[in-house]
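Asker: Residue numbers are given in this note's numbering: position 236 of the sequence shown equals residue 218, and the series is strictly consecutive. Glycine included, each C-beta is placed from N, C-alpha and C at the ideal position. As the structure is a computational prediction, the values presented were derived from the model and not from experiment.
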Amino acid sequence: MAAPYPFTAIVAQQDMKLALLIAAVDQGVGGVLIMGDRGTGKSTAIRALAALLPKIPVIANCAYNCDPGRTPAGQCDNCQQNKNQVVKTTTVSIPVVDLPLGATEDRVIGALDIERALHAGEKAFEPGLLARAHRGFLYIDEVNLLEDHIVDALLDVAASGENVVEREGLSIRHPARFVLVGSGNPEEGELRPQLLDRFGLSVDVATPQDVKSRVEIIRQRDRYEQDPEGFIKQWRRKESAQRSRIEKARLQVGLVNTPDEVLEFAASLCLQLGTDGLRGELTLLRAGRALAALNKKDLLTCEDIRTVAPMVLRHRLRRDPLDESGSDSRIARVLETMVVS
-17 MAAPYPFTAI VAQQDMKLAL LIAAVDQGVG GVLIMGDRGT GKSTAIRALA
33 ALLPKIPVIA NCAYNCDPGR TPAGQCDNCQ QNKNQVVKTT TVSIPVVDLP
83 LGATEDRVIG ALDIERALHA GEKAFEPGLL ARAHRGFLYI DEVNLLEDHI
133 VDALLDVAAS GENVVEREGL SIRHPARFVL VGSGNPEEGE LRPQLLDRFG
183 LSVDVATPQD VKSRVEIIRQ RDRYEQDPEG FIKQWRRKES AQRSRIEKAR
233 LQVGLVNTPD EVLEFAASLC LQLGTDGLRG ELTLLRAGRA LAALNKKDLL
283 TCEDIRTVAP MVLRHRLRRD PLDESGSDSR IARVLETMVV S
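Next comes the structure, spelled out in structure tokens:
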């Protein structure tokens, strides 16, 4: 099986690539929703990002990728029971797990291990996709077509950061904190508002309308399909540089300072746009700091907030029946009126 298409070789779609990089730097941003036409590189970009992600420390032989640096309260039941023993650790790539549309609830949240029950006569838990995605990314293509009972399960886990399974005599609780990444075609239906609100960032992608970009996309993709290994080798240096950029930004993001005037700018922007709650401001700050870290800055500025504002707020605006302009236009109009002192 050929390696994924290189992330740095993706032509255009700058907003999509930036949103994914921000989520890779700070997983607390809350996830990325990518909506647009078919064939615009949504799945390609997400699988390409997986190859760039750094390795993370985990407790050896733990099915849930428990973090050895966390307190036992933040680990799975097995790791908590072994808290007084010498902990063996290892490193693994940050998981990127696909959740297919046809997946059953048992496959998603986990269920009784039937094979062990039949052969060994013991009740054991078989972890699901949420367990595999802990501390990583859970990717759902055609997320707007996801069945309601799966959406309900995801919402419960996303809100608590834990997956609780109580069925067939089992009672299992394990951590499940992941970045939810969804893609889809808006013509095939809308997301439930509860699920939409769980995405920290939202970007729209479209087919490039200029000949130069379309030709470049075709040329690059054709080269990849003709000789995947050779193509990947050509982009290895840029991929390595991008990977290093992500790793350094993950270390830097917690050190980015946030001046009061930037807090006021973010709050004023959300207030003028009429967003509900305070999640908009909090996500603006997280995304802005991640952007600053990617750009090797230690100070968050209002310009950083301006850059991330459309992807943070476009899906949080109330619909105005008297305003036919899109969310991006409304955000742009408000930003034009805001002068940084």
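#1: May I ask you to report which of helix, strand or coil DSSP gives PRO210?
#2: Quick check: the segment -12 to 2 against the segment 192 to 212, are there 3 or more CB pairs under 8 Å?
#3: From which residue to which residue does the alpha helix (DSSP H) around HIS131 run?
#4: With the cut-off set at 9 Å, would you say THR71 and PRO36 are in Cβ contact?
#5: In whole angstroms, what separates the C-alpha of PHE348 from that of GLY92?
#6: Shortest alpha-carbon distance to VAL147 belongs to which of CYS58, SER75, VAL69 and LEU299?
#7: State the Cα-Cα distance for the pair ASN126 and ILE132, rounded to the nearest angstrom.
#8: Tell me where the beta strand (DSSP E) around ARG155 begins and ends.
#9: Rounded to the nearest angstrom, what separates GLU124 and VAL79 at their Cα positions?
#10: Assuming ILE313 is part of the alpha helix (DSSP H), what are its boundary residues?
#11: Tell me where the beta strand (DSSP E) around GLY164 begins and ends.
#12: Tell me, please, which residues DSSP counts as bridged to PHE119.
#13: Inspect the CB distances between the segment -5 to 2 and the segment 182 to 195 and report whether three or more fall short of 8 Å.
#14: What's the gap between the Cα of CYS44 and the Cα of ALA6?
#15: Tell me the rounded alpha-carbon separation between LEU83 and LEU177.
#16: By DSSP, does LYS220 sit in helix, in strand, or in coil?
Answerer: Looking at the coordinates:
#1: In the displayed model, PRO210 falls within a helix according to three-state DSSP.
#2: Short answer: they touch.
#3: First-last of the alpha helix (DSSP H) with HIS131: 130 to 142.
#4: Taking 9 Å as the Cβ cut-off, THR71 and PRO36 do not qualify as a contacting pair.
#5: Any property of residue 348 remains undetermined from this structure, which presents the chain solely from -17 to 323.
#6: Ranking the options by Cα distance to VAL147, first place goes to CYS58.
#7: Answer to the nearest angstrom: the Cα atoms are 12 Å apart.
#8: Segment 152 to 157, the beta strand (DSSP E) holding ARG155.
#9: GLU124 and VAL79: Cα-Cα distance of roughly 15 Å.
#10: Secondary structure note for ILE313: its alpha helix (DSSP H) is the uninterrupted segment 309 to 319.
#11: Residue range 161 to 166 is occupied by the beta strand (DSSP E) that includes GLY164.
#12: DSSP lists VAL78 and VAL161 as partners of PHE119.
#13: Yes, the segment -5 to 2 touches the segment 182 to 195.
#14: Near 23 Å, if we compare the C-alpha coordinates of ALA6 and CYS44.
#15: The straight-line gap from Cα to Cα measures roughly 15 Å.
#16: Taken through DSSP and simplified to helix, strand or coil, LYS220 comes out as helix.
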